[in-house]
Amino acid sequence: MSARKKLAEKFSWTRKHLLGLEELSREEILHILNTADTFTDVSTRSIKKVPALRGRVVVNLFFEDSTRTRTSFSLAASRLSADVIEFSAKVSSISKGETLVDTARNIEAMGVDVIVIRHSAPGAPHYLARCVDVPIVNAGDGAHEHPTQALLDMFTIRQIKGRIDGLKVAIVGDIAHSRVARSNIWGLTKLGAKVIVVGPTTLVPSSMKAMGVEISHNLDEVLGEIDVINMLRVQRERITSNVFPSVEEYTRLFGLNAERMARAKKDLLVMHPGPINRGIELTSEVADGANSAILKQVTNGLAVRMAVLFLVNQAHQGSN
Amino acid sequence: MSARKKLAEKFSWTRKHLLGLEELSREEILHILNTADTFTDVSTRSIKKVPALRGRVVVNLFFEDSTRTRTSFSLAASRLSADVIEFSAKVSSISKGETLVDTARNIEAMGVDVIVIRHSAPGAPHYLARCVDVPIVNAGDGAHEHPTQALLDMFTIRQIKGRIDGLKVAIVGDIAHSRVARSNIWGLTKLGAKVIVVGPTTLVPSSMKAMGVEISHNLDEVLGEIDVINMLRVQRERITSNVFPSVEEYTRLFGLNAERMARAKKDLLVMHPGPINRGIELTSEVADGANSAILKQVTNGLAVRMAVLFLVNQAHQGSN
Amino acid sequence: MSARKKLAEKFSWTRKHLLGLEELSREEILHILNTADTFTDVSTRSIKKVPALRGRVVVNLFFEDSTRTRTSFSLAASRLSADVIEFSAKVSSISKGETLVDTARNIEAMGVDVIVIRHSAPGAPHYLARCVDVPIVNAGDGAHEHPTQALLDMFTIRQIKGRIDGLKVAIVGDIAHSRVARSNIWGLTKLGAKVIVVGPTTLVPSSMKAMGVEISHNLDEVLGEIDVINMLRVQRERITSNVFPSVEEYTRLFGLNAERMARAKKDLLVMHPGPINRGIELTSEVADGANSAILKQVTNGLAVRMAVLFLVNQAHQGSN
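Residue numbers (this note's numbering), protein chains in the order written: chain A, 7 to 326; chain B, 7 to 326; chain C, 7 to 326.
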């Protein structure tokens with residue numbers, strides 16, 4: 007940890023936006039993880055605060071419902087002593103016909119310091135970043151990227167496995183529509199992991215090979231060789247569509263259970279971005295078992311988001 | 007007050023959850039009230055803050071709408087210098103099929119310090135308390151308990167009457183479906199008050215005698231002998247059901263008005279958990295009259311909730 | 007600025023409510039603007055906080071959706087180090103039949119220090135001010151007044167033009183239903199500006215002459231002589247009513263575009279209370295052009311609201 011702390015101190019971070027992992031270098035990703043390392047102990051103190059962003063304002067601009075990610079960002083900002091403003095899009099001026107850019111410019115004009123945005127349109131955060139001066143953090147844009155989720159996944163893998171380079175990581179589920187999968191693929195391959203995406207042919211298009219991953223439609227074939235398995239959430243609203251098998255069939259072919267765990271490596275690390283559908287993508291036995299890092303992921307989400315908010319604000323202050 | 011302060015300092019509080027008054031001893035209830043006594047003056051200072059929970063995070067996990075109780079808990083936490091996170095269940099992962107326990111475990115994994123929960127299912131807080139390590143405070147579970155409401159009611163009685171032991175307290179209304187009534191009955195009888203529950207036969211089942219109370223279906227018969235009257239709110243949505251008389255009949259038989267006040271003890275203390283239906287369970291004349299402690303109850307709610315948050319956090323820190 | 011600071015220090019502000027500009031004197035309005043001047047630099051500091059309202063609680067009691075104004079008040083309160091409670095009316099006791107006054111009295115009993123209220127009923131804030139002791143700030147009451155919007159408009163005019171006295175200010179649009187227009191008319195005329203209200207005959211009744219303004223139904227006739235133009239938002243829900251022309255006709259007759267700007271004074275100041283309907287009441291070219299003060303208005307909104315919260319709290323503390 008202290009070696010990582012020294013690395014974190016030496017690296018010069020210059021990006022004032024965090025839009026996705028596609029655009030980040032290996033060194034930048036590692037710097038975020040190393041910075042997050044320095045924040046992990048804040049959450050265990052009796053006073054869970056550092057004054058890094060005191061007097062700063064972080065706005066959660068969420069156009070899709072998400073208590074979990076929103077709360078994680080709020081708590082992260084709060085631990086950095088920032089003030090947090092919730093800007094729910096449902097009751098906002100957007101419903102009065104205002105454009106996304108006008109909303110963002112208005113928020114900026116109020117003197118806020120970071121905008122955390124979740125939006126159903128892929129590229130919405132990137133577009134905003136070109137229109138405003140204030141740092142933009144992508145908290146999920148359509149099926150495109152969810153960079154802080156992938157960063158906390160990688161942080162958790164490194165924390166438990168000691169490394170990412172050389173590991174075999176399977177991502178299982180509806181890869182085609184998953185921003186979590188896409189961000190993980192960009193990040194993990196840059197850090198030297200081998201990524202295998204696993205799912206039905208309708209949900210794992212062969213075009214994904216271009217992202218540098220291996221493709222499998224048979225979980226049992228890859229089960230024995232992987233070090234980490236990231237079980238994507240089954241979007242129930244998608245099940246009724248004709249690209250998705252029945253829930254029973256999906257669970258039989260791609261669900262993780264005790265029987266499959268018995269055929270996997272003993273120290274297979276089980277991850278899930280949450281919220282879990284118990285009994286569908288994985289059984290309760292696995293979700294709550296010794297190999298599961300699911301709640302650790304949640305805990306690490308705070309340190310990673312603290313690091314991201316801290317770094318983009320620092321880059322912004324430095325550039326002003 | 008200073009005698010109570012000394013008592014508060016001597017007692018060793020060990021519960022890290024506040025689930026209901028049924029499980030609390032007389033001494034524990036008195037200790038909460040004595041601790042609340044020490045917090046009453048914070049609200050009258052120019053800077054209404056004590057640093058007791060600085061850097062701690064209190065989550066309001068409300069599955070039923072309640073601005074009033076939620077705001078009271080928020081302000082109480084804020085006066086203890088805690089950060090407050092609102093976790094509205096409507097937009098949360100619960101709507102995505104996540105279980106209550108998974109939601110709570112996720113919140114816990116984010117490093118929060120107290121979860122305040124309101125839920126329509128009786129026993130939901132008790133169930134959570136068995137599944138997580140973080141302190142759980144019950145802010146109302148179905149028709150079961152609403153312990154902080156009863157504590158603030160008892161605090162108000164003691165503040166104005168100087169004692170609870172030996173008083174005659176009537177609770178009037180839909181006793182069968184009232185968590186406020188149940189918690190008050192547990193608490194008041196433990197502190198030595200005599201409780202009379204009053205209402206139509208359909209809303210005051212004779213089985214309630216097992217809780218150690220007297221039952222009456224005639225307000226006028228008990229009116230002359232009681233020291234305190236707690237008028238429950240008429241749930242308008244219940245009026246149309248066949249267990250409830252018409253509003254006019256209810257008001258005529260069980261409503262409190264100037265004429266009834268004239269036949270009561272001169273210093274009859276009038277209470278109501280709010281929000282009031284003016285003209286139904288009590289007239290404006292009575293609600294705003296000299297005997298009414300209704301707004302004092304609201305004010306005392308803050309001191310009582312500060313005490314509860316303070317004590318459960320202290321017990322939790324002590325046990326870690 | 008320093009002359010204004012001295013003026014601000016000498017004036018003795020005594021009002022504990024801000025209900026509207028109709029009741030304020032010229033000196034009181036100037037005092038708010040001068041006080042806002044002293045707060046403008048707080049937003050540019052690295053720690054955007056002053057301790058003026060530390061330990062105080064500001065409640066946003068909004069009965070109409072408004073993220074923009076609500077957020078501006080929240081941030082203003084937060085910069086004064088106050089705690090902010092959002093009391094959304096949708097989920098509040100109001101929906102349980104509680105009266106507005108009971109809601110306000112309950113909030114007051116919780117020990118809050120300022121209530122900021124938005125309500126669809128004209129006069130709702132004035133009514134509350136008679137029923138509670140806590141300071142009331144009007145954040146918009148029906149079509150009646152929106153004093154902080156008019157104050158920030160006047161602040162922006164003075165900031166850019168150096169004065170208000172003697173300026174010709176046109177307010178264009180649906181004057182009859184606009185609280186922004188009404189508050190601006192009261193304020194601007196008291197500060198010595200000449201106000202011309204412009205719009206279709208159905209939306210600019212001749213009875214408005216009683217407020218001391220000039221009336222025009224032809225924007226092009228007044229365009230050459232005005233110093234400031236405040237373009238009101240077209241309420242899309244009103245367009246379908248028979249008092250409103252078609253959008254195309256409205257835009258053709260009353261919309262601001264490059265062609266009209268070319269016929270106006272070179273330094274015509276363009277304002278808009280937001281959110282903008284681009285292409286309707288003004289083109290993007292004008293909204294984003296050099297004459298536009300629209301985002302400056304948003305920025306100034308914070309300083310003005312800090313001043314208002316600061317002054318009413320001070321008056322309230324002084325009177326206790």
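C-beta: ideal position from N, C-alpha, C; glycine also.
- Listed in chain order, the non-local C-beta contacts of residue 317 (chain C) below 7 Å within the same chain comprise 19, 38, 41, local neighbours out to five positions each way being set aside.
- Burial is judged here by how many other beta carbons sit within 10 angstroms of a residue's own beta carbon; residue 127 (chain A) has fewer than 16 and is exposed.
- Residue range 290 to 293 is occupied by the alpha helix (DSSP H) that includes residue 292 (chain C).
- Within chain C, no residue has its CB atom less than 9 Å from the CB of residue 267 (chain A), the nearest being about 44 Å off.
- Residue 38 (chain A): member of the alpha helix (DSSP H) spanning 32 to 45, first to last residue.
- The residue among B:184, B:235, B:276 with its C-alpha nearest the C-alpha of residue 210 (chain B) is B:184.
- The beta carbon of residue 86 (chain B) sits no closer than 8 Å to any beta carbon of chain C.
- For residue 227 (chain B), the uninterrupted alpha helix (DSSP H) segment begins and ends at 225 to 229.
- Scanning its chain for C-beta atoms nearer than 8 Å, with the 5 sequence neighbours on each side dropped, one finds around residue 239 (chain C) the residues 179, 278, 279, 280, 281, 282, 283, 287, in chain order.
- Within chain C, 116, 117 have C-beta atoms less than 7 Å from the C-beta of residue 308 (chain B), given in sequence order.
- At a cut-off of 8 Å between beta carbons, residue 34 (chain A) makes no contact with chain C.
- For residue 124 (chain C), the enclosing beta strand (DSSP E) begins and ends at 120 to 125.
- Taken atom to atom, the span from the alpha-carbon of residue 196 (chain B) to that of residue 172 (chain B) is near 11 Å.
- Under the DSSP assignment, residue 89 (chain A) falls in the beta strand (DSSP E) whose first and last residues are 89 to 94.
- Those residues of the region 59 to 91 of chain C placed with their C-beta closer than 7 Å to a C-beta in chain A are 71, 73, 74, 77, 78, 80, 81, 84, ordered along the chain.
- Pairing residue 292 (chain B) with residue 276 (chain B) gives a Cβ-Cβ distance under 8 Å.
- The Cβ atoms of residue 66 (chain B) and residue 79 (chain B) lie closer than 8 Å to each other.
- Proximity to residue 112 (chain B) across A:320, A:319, A:300 peaks at A:300, based on C-alpha coordinates.
- The C-beta separation of residue 84 (chain A) from residue 89 (chain B) comes to about 5 Å, placing the pair in contact by the 8 Å criterion.
- Note that the C-beta distance between residue 186 (chain B) and residue 152 (chain B) is below 8 Å.
- Annotated three-state conformation of residue 287 (chain B) is coil, per DSSP.
- Taking all protein chains shown into account, residue 110 (chain B) has 16 or more neighbouring C-beta atoms within 10 Å of its C-beta and is therefore buried.
- Contact check between the region 212 to 229 of chain B and the region 143 to 159 of chain B: fewer than three CB pairs, one atom from each, fall below 8 Å, which does not count as touching.
- Taking a Cβ-Cβ threshold of 7 Å, none of the residues of chain A is close to residue 166 (chain C); the smallest such distance is about 15 Å.
- Note on residue 248 (chain A): under 16 other CB atoms within 10 angstroms of its CB, so exposed under the neighbour-count rule.
- With contact defined as three or more Cβ pairs closer than 8 Å, the region 47 to 54 of chain C and the region 9 to 18 of chain C are not in contact.
- Contact between the region 132 to 139 of chain B and the region 307 to 321 of chain A is absent, with fewer than three C-beta pairs closer than 8 Å.
- Residue 177 (chain B) and residue 224 (chain B) do not touch by the CB rule: their CB atoms are close to 15 Å apart, not below 8 Å.
- The Cβ atoms of residue 59 (chain B) and residue 297 (chain B) lie no closer than 8 Å to each other.
- Between residue 119 (chain A) and residue 140 (chain A), the C-beta spacing is below 8 Å.
- In this structure, DSSP gives residue 268 (chain B) a helical state, which the three-state scheme calls helix.
- Between residue 57 (chain B) and chain C, the shortest Cβ-Cβ separation is not below 8 Å.
- For residue 254 (chain C), there is no enclosing beta strand (DSSP E); the residue is found in the alpha helix (DSSP H) stretching over 253 to 260.
- Among the bridge pairs identified by DSSP, residue 28 (chain A) is matched with none.
- DSSP places residue 199 (chain C) outside both helix and strand once states are collapsed to three, so it counts as coil.
- Chain-ordered, the chain A residues with CB closer than 8 Å to the CB of residue 93 (chain B) read 73, 77.
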